[in-house]
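Peer 1: Have a look at this one before I ask anything.
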Amino acid sequence: MLGAKISEDKAFPAKLKGIAIGNGFMNVKMLTNSLILWSNYHGRFSLDLYNIDPYNYYEDCYAGSLITYFGKPRRESYLNWKAAKDATYHNTADLMNRDSTDPLWGYPCFQEDYVAGYFNKPEVQDAFHIDPAWRQANLTFADCNNNLYNNYKLTYDDMQPYFETMIKNLADFHILIYNGDVDTVCNFLGDARFIDKVASANGFTHGDRQRWNFRRQLAGFYQRYTRAANNFVIDVLTVKGAGHMVPLDRPGPSLQMITNFLKNNDYNIGNSIDATAQPQPLLNIGTTTGKSGATLSAFSFVLSSAIFVLFLQI
Numbered sequence: 001m002l003g004a005k006i007s008e009d010k011a012f013p014a015k016l017k018g019i020a021i022g023n024g025f026m027n028v029k030m031l032t033n034s035l036i037l038w039s040n041y042h043g044r045f046s047l048d049l050y051n052i053d054p055y056n057y058y059e060d061c062y063a064g065s066l067i068t069y070f071g072k073p074r075r076e077s078y079l080n081w082k083a084a085k086d087a088t089y090h091n092t093a094d095l096m097n098r099d100s101t102d103p104l105w106g107y108p109c110f111q112e113d114y115v116a117g118y119f120n121k122p123e124v125q126d127a128f129h130i131d132p133a134w135r136q137a138n139l140t141f142a143d144c145n146n147n148l149y150n151n152y153k154l155t156y157d158d159m160q161p162y163f164e165t166m167i168k169n170l171a172d173f174h175i176l177i178y179n180g181d182v183d184t185v186c187n188f189l190g191d192a193r194f195i196d197k198v199a200s201a202n203g204f205t206h207g208d209r210q211r212w213n214f215r216r217q218l219a220g221f222y223q224r225y226t227r228a229a230n231n232f233v234i235d236v237l238t239v240k241g242a243g244h245m246v247p248l249d250r251p252g253p254s255l256q257m258i259t260n261f262l263k264n265n266d267y268n269i270g271n272s273i274d275a276t277a278q279p280q281p282l283l284n285i286g287t288t289t290g291k292s293g294a295t296l297s298a299f300s301f302v303l304s305s306a307i308f309v310l311f312l313q314i
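In this text, residue positions in the sequence shown follow the working numbering: the first is 1, and each later residue adds one.
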């Protein structure tokens, strides 16, 4: 929608040359119908299994989340660690599942607990100038507001008119549509069908579906749609083994993908990134805040996680 609005504003100073959409919510009907095929292929036999974690069907978790009301129940039925559930906070290392296939040491599971714990500290809420009346009502921070979500009335259920606005107004333009292939909230089949429908209605041709690799291993598949009249290109790409949060689940392939998109390179090119890059040291900056005189330690991993969660849950 933002891309369409920019394409209509001739006075906009930026020269928009492309956009990337990850796990897009672009057509409700297609996403819903295609989920049946996805679920059948993956052997999802019951509604109970479906409700475990729709954001990443293959994600392994170590214990229940402290955030219990935000609509993403974890695999607690498979975990029988009572001590972990009884403790408000615990040492994650003690809960390590040695048989897990999770490559991220449980980060997708405990990151939300840490972010919630951080933003529910009184000194942090003072630093962010949270309304005292809100705090006095015993409300707490969570990454998703269920009351708002459950009462939201869907206004836009089909993004095709906005794509067609961009196709009409822009030339020499490149769109990347990428999906984690184990996300069932915005599954790759629904988005692929949507783009195929848009392309068919607007004079695009398409090439063969091809594989792309990361470190000489299969990273997913992509297919390119091209409209010669104004050199408009749409790539539909999957990231193997990634769920709803593609960069979190597959950071290396994601970096290669987005770097090659920005440089207009083949997605297989791997020498454009440093696959062994090391993170910068954590920040620990003391800041005096407000009348309370509280000190806020701005740890980069907490802030980054918070921004990541809040942005991607919109």
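By construction, the Cβ of each residue, glycine as well, lies at the ideal position given by its N, Cα and C atoms.
Pull up the distance between the alpha-carbon of Ile175 and that of Asn169, whole angstroms please.
Peer 2: Roughly 14 Å between the two C-alpha positions.
Peer 1: Between Tyr222, Arg227, Thr226 and Thr276, which lies nearest to Met257 when the distance is taken from Cα to Cα?
Peer 2: Comparing Cα positions, the closest option is Tyr222.
Peer 1: Do Glu164 and Asn202 have their C-beta atoms closer together than 8 Å?
Peer 2: Against a cut-off of 8 Å, the Cβ pair of Asn202 and Glu164 comes out as a contact.
Peer 1: So, for Phe12: in the same chain, excluding its five sequence neighbours on each side, which residues have a beta-carbon less than 8 Å away from its beta-carbon?
Peer 2: Taken in chain order, the residues that qualify are Ile6.
Peer 1: Per DSSP, Gln223 forms a beta bridge with which residues?
Peer 2: Per DSSP, Val236.
Peer 1: Quick check: Thr238 and Phe188, are their CB atoms within less than 8 Å of each other?
Peer 2: For Thr238 and Phe188, yes; Cβs fall inside 8 Å.
Peer 1: Could you give the C-beta distance for Ile167 and Asp235, rounded to a whole number, given that I count them as a contact under 8 Å?
Peer 2: So it is not a contact: roughly 15 Å between Cβ atoms.
Peer 1: In chain order, what residues of the same chain lie with their CB nearer than 7 Å to the CB of Leu37, ignoring the 5 residues before and after it?
Peer 2: Only Leu189 meet the Cβ criterion.
Peer 1: Who pairs with Phe128 in a beta bridge, going by DSSP?
Peer 2: For Phe128, which the question treats as bridged, DSSP gives no partner whatsoever.
Peer 1: In whole angstroms, what is the alpha-carbon distance linking Asp274 and Arg227?
Peer 2: About 33 Å.
Peer 1: So, using beta-carbon positions, are Asn23 and Gly220 closer together than 8 Å?
Peer 2: No, they are not a contact pair.
Peer 1: For Asn150 and Lys10, what's the separation of their Cα atoms in angstroms?
Peer 2: Their Cα atoms are separated by approximately 38 Å.
Peer 1: Would you report the Cα separation of Tyr267 and Gly43, rounded to the nearest angstrom?
Peer 2: Their backbone Cα atoms lie some 30 Å apart in a straight line.
Peer 1: Name, in chain order, the residues that DSSP records as bridge partners for Ala4.
Peer 2: Per DSSP, none; premise fails for Ala4.
Peer 1: Answer with buried or exposed for Ala315, where buried requires no fewer than 16 other C-beta atoms within 10 angstroms of its C-beta.
Peer 2: The first residue shown for the chain is 1 and the last is 314, placing residue 315 beyond what the model contains.
Peer 1: Within 10 angstroms of the Cβ of Asn271, are there 16 or more other Cβ atoms? Answer buried if so, exposed if not.
Peer 2: That one is exposed.
Peer 1: In three-state DSSP terms, what is Ala20?
Peer 2: Ala20 falls in the strand class under three-state DSSP.
Peer 1: Please report the distance separating the alpha-carbon of Asn264 from that of Trp134.
Peer 2: Using only the alpha carbons, I get a separation of about 48 Å.
Peer 1: Buried or exposed: Leu282, going by 16 or more other Cβ atoms within 10 Å of its Cβ?
Peer 2: It is exposed - the Cβ of Leu282 has fewer than 16 other Cβ atoms within 10 Å.
Peer 1: Identify the residues that DSSP records as bridge partners of Gln181: which are they?
Peer 2: According to the sequence as given, residue 181 is Asp; it is not Gln. Paired residue(s): none; Asp181 is not in a bridge.
Peer 1: With the cut-off set at 8 Å, would you say Ala2 and Cys186 are in Cβ contact?
Peer 2: The amino acid at residue 2 is misidentified as Ala; the sequence shows Leu. Against a cut-off of 8 Å, the Cβ pair of Cys186 and Leu2 comes out as no contact.
Peer 1: If you compare alpha carbons, which of Asp249, Pro161 and Pro279 is closest to Val182?
Peer 2: Closest by alpha carbon: Asp249.
Peer 1: Measuring CA to CA, which of Pro247, Pro253 and Lys197 is closest to Arg215?
Peer 2: Ranking the options by Cα distance to Arg215, first place goes to Pro253.
Peer 1: Going by DSSP, what residue range makes up the beta strand (DSSP E) through Phe214?
Peer 2: Here the beta strand (DSSP E) through Phe214 covers Gln210 to Phe214.
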